[in-house]
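**Q** The structure's right below; bear with me while I get my questions together.
Numbering (the working numbering), first residue to last: 248 to 874.
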């Protein structure tokens, strides 16, 4: 506001015009009674009432101009906040920039405008009313002004404590909501792990913290009611109580009625708006501005201890959330021999912490080679692969917490118990309840029950390819590695089982890289890397539909008749999905794709029975026979 003094001056000028309505509210009424109706001059009384009505019209015109001045004052603030949020989002890769830009900036803008209107209205309304009281009779000012000043002063003293307690309450509420958002989806796991008491104690501490903050806010909120009673309602009582004294000291009946009109119609509503506006919206604005400028320390409640680790005798819980790991490929190049063409040539890629990345492309294009390079199984011919972990993550090479885990297409299962297979990547035996939670998350429970539980002996030769893959995937899930690489590790699972596995790994946390066996894997991922010879394209699903012809072909959502990409295959029923293993370079579908039309124009290579669906696989519900 200091930087825009001319706008503030224009706002004040229009507010003065608006104040004419406030001044004449009591003054015209007093004159209409004293000089008009009480004196037997009805025409004079009506004339003063007409003047008051005209003042309403003039004040309305001033109010309209006030809104324009407020806009000129508020919009530059919004522009500054937007620039600040965008600059910080670009510079620091701030994940909260979108929320700040679309919601918090608008909250700050609207709240600031409301505060300007409320504060301005109170200042000019109070000035108009006090001038009117003095014009009617100075003793009226002695009755009204002191309690009004006392009420405003009391409210001003509560502003800073109210703001701190309002923010403390919001912080406590956010912490409780965040914890409940984590706990509620995992109630089954908590019950299975026997961690009810521990989780209940942690949630109870946060509930108590929010309750303490709410009580403190309520206690200070009572002072707002007291300030309103002193400044807005006490003057009415005093005017009525001192009426005999005022009438005895030269105050006319009309002036006394006018004073009551000033207090009830102007001062009390203005003070009420000020207290509720600044008391609620003001603290809200302070909280939002603090979030938009996070360098300013925010007040918090009493510290709440983090969930303490369970003692050795406590029942084990579900697998701990893994820390994040990021991947940076710098000019990565790899060839299988000195005279060979590079399979990967000068690839630059950055995969941030916690990203779910899908790698797609034709067979033999280098997808498995890329995952082997990420896993450290192959050494780059040129460039580098940097796997960085969060500061609190275990050091690479720790026997209990590998930095990364690769699940290849052909799963390895050895002769031994199921528990030994699942806990192969852990230094100590995995507690049975943790095994059961992981098995439930990845869909291994049915196989576990059929074999006879975690202690049952496993004969790898009697397991199907899909069952071996589920065991290997659960083993990797229990490893808690911050980077998981799935190299077509679900190719022998059906689509529903594949989705369940990928979502389980995504919920577990960390960075997930999936060499897509079905295109649906790419649709679930945050980012997709399309490999097309030496060319690569990286982006989101919608972005790649626009930029990558190969990706459109893989998705099967490109209509050659219209020349425009469709949003989904459902919009183009006449076109088939790509093959389950992504489309072969020769154009032959290795396995029948979901929704393949029954039109006798699609070639499907005959494969093992386990990779085919007996019925209901076609879009019209028919069987595959004769196709």
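Virtual Cβ for every residue (Gly too), placed ideally from N, Cα, C.
1) Could you tell me which of 608, 588, 629 sits nearest to residue 594, measuring between CA atoms?
2) Report the residue ranges of all alpha helix (DSSP H) runs contained in full by the segment 664-688; include only those spanning at least 4 residues, in chain order.
3) Got a sec, what are the start and stop residues for the alpha helix (DSSP H) residue 621 sits in?
4) Considering residue 448, what are the terminal residues of the alpha helix (DSSP H) in which it resides?
5) Select from 428, 435, 386, 516 the residue whose C-alpha is nearest the C-alpha of residue 492.
6) Which whole-angstrom value is the C-beta distance of residue 581 and residue 627, which I expect to be below 8 angstroms?
7) Could you tell me the distance, in whole angstroms, from the CA atom of residue 618 to the CA atom of residue 791?
8) Under 7 angstroms Cβ to Cβ from residue 473, same chain only, skipping five residues before and after it: list those, please.
9) Examine chain D for any beta-carbon lying closer than 8 angstroms to the beta-carbon of residue 295, and answer yes or no.
10) I'd like the list of long-range same chain contacts for residue 302, defined as Cβ closer than 6 angstroms, with 5 residues on each side in sequence excluded.
11) If you follow the alpha helix (DSSP H) that residue 262 is in, where does it begin and where does it stop?
12) Only counting the same chain, and skipping five residues up and downstream in sequence, which positions put a Cβ closer than 7 angstroms to that of residue 360?
13) Alpha carbon to alpha carbon, what distance is there between residue 615 and residue 622?
14) Below 8 angstroms, can you find three or more Cβ-Cβ pairs linking the segment 293-301 to the segment 399-415?
15) Within the segment 720-791, note down every full beta strand (DSSP E) run reaching 3 residues or more, in order along the chain.
16) In the DSSP assignment, find the alpha helix (DSSP H) that holds residue 696 and state where it starts and stops.
17) Ordered along the chain, which non-local residues of its own chain (more than five positions away) have a Cβ less than 6 angstroms from that of residue 363?
18) Taking 8 angstroms as the cut-off, decide whether the C-beta atoms of residue 411 and residue 453 are in contact.
19) Based on Cα-Cα distance, which residue from 699, 650, 727 lies nearest to residue 681?
20) Rounded to whole angstroms, what is the Cα-Cα separation between residue 774 and residue 447?
21) With H, G and I counted as helix, E and B as strand and the rest as coil, what does DSSP make of residue 422?
22) Taking 7 angstroms as the cut-off, does the CB of residue 333 come closer than this to any heavy atom belonging to the ligand ZN?
23) At which residues does the beta strand (DSSP E) containing residue 370 begin and terminate?
24) Which residues in the same chain have their Cβ closer than 8 angstroms to the Cβ of residue 549, if we skip the five residues on either side of it in sequence?
25) I'd like the span of the alpha helix (DSSP H) that includes residue 504, first residue to last.
26) Contact defined as beta carbons within less than 8 angstroms: I believe residue 518 pairs with residue 398. What is the distance between those atoms, to the nearest angstrom?
27) With a threshold of 6 angstroms on Cβ separation, who are the neighbours of residue 781 within its own chain once the five nearest residues in sequence on each side are excluded?
28) Going straight from the alpha carbon of residue 596 to that of residue 732, what length do you get?
29) Just mark residue 675 as buried or exposed, buried being the case when its beta carbon has 16 or more other beta carbons within 10 Å.
30) What first and last residue would you give for the beta strand (DSSP E) that runs through residue 653?
31) Please determine, among 710, 392, 481, 470, the residue with the shortest C-alpha to C-alpha distance to residue 523.
32) Can you look up residue 662 in the DSSP assignment and give me helix, strand or coil?
33) Just grab the DSSP bridge partners of residue 598 for me.
34) Using 8 angstroms as the cut-off, can you tell me whether the segment 737-745 makes contact with the segment 753-766, which would need three or more C-beta pairs spanning the two stretches below that distance?
35) For residue 523, name the three-state secondary structure that DSSP assigns.
36) Between the Cα of residue 521 and the Cα atoms of 600, 383, 475, 743, which residue gives the shortest distance?
**A** Taking the definition as stated:
1) The closest CA to that of residue 594, considering only 608, 588, 629, is found on 629.
2) 665-669
3) 614-622
4) Here the alpha helix (DSSP H) through residue 448 covers 443-475.
5) 386
6) 5 angstroms
7) 21 angstroms
8) 401
9) The displayed structure is made up of one protein chain only, and chain D is not part of it.
10) 267, 268, 271
11) 252-278
12) Excluding residues within five positions, the ones whose Cβ falls inside 7 angstroms are 317, 321.
13) Between the alpha carbons of residue 622 and residue 615 lies a distance of about 10 angstroms.
14) no
15) 730-734, 758-762, 774-779, 782-786
16) Note, residue 696: alpha helix (DSSP H), 692-698.
17) 317
18) no
19) 727
20) 37 angstroms
21) Three-state result, residue 422: helix.
22) The ligand ZN is absent from the structure shown, which contains no ligand whatsoever.
23) Segment 352-383 is the alpha helix (DSSP H) holding residue 370; no beta strand (DSSP E) there.
24) For residue 549, the predicted structure reports a pLDDT of 34, less than 50, and the residue's modelled location is therefore unreliable. A value from the coordinates is still provided. Correct list, in chain order: 456, 459.
25) 500-509
26) 7 angstroms
27) Hits under 6 angstroms: 592.
28) 16 angstroms
29) exposed
30) It spans 651-654 - the beta strand (DSSP E) in which residue 653 sits, taken as one unbroken run.
31) Looking at 710, 392, 481, 470, the one whose alpha-carbon comes closest to that of residue 523 is 470.
32) coil
33) According to DSSP, residue pairing for residue 598 in a beta bridge involves 574.
34) yes
35) helix
36) 475
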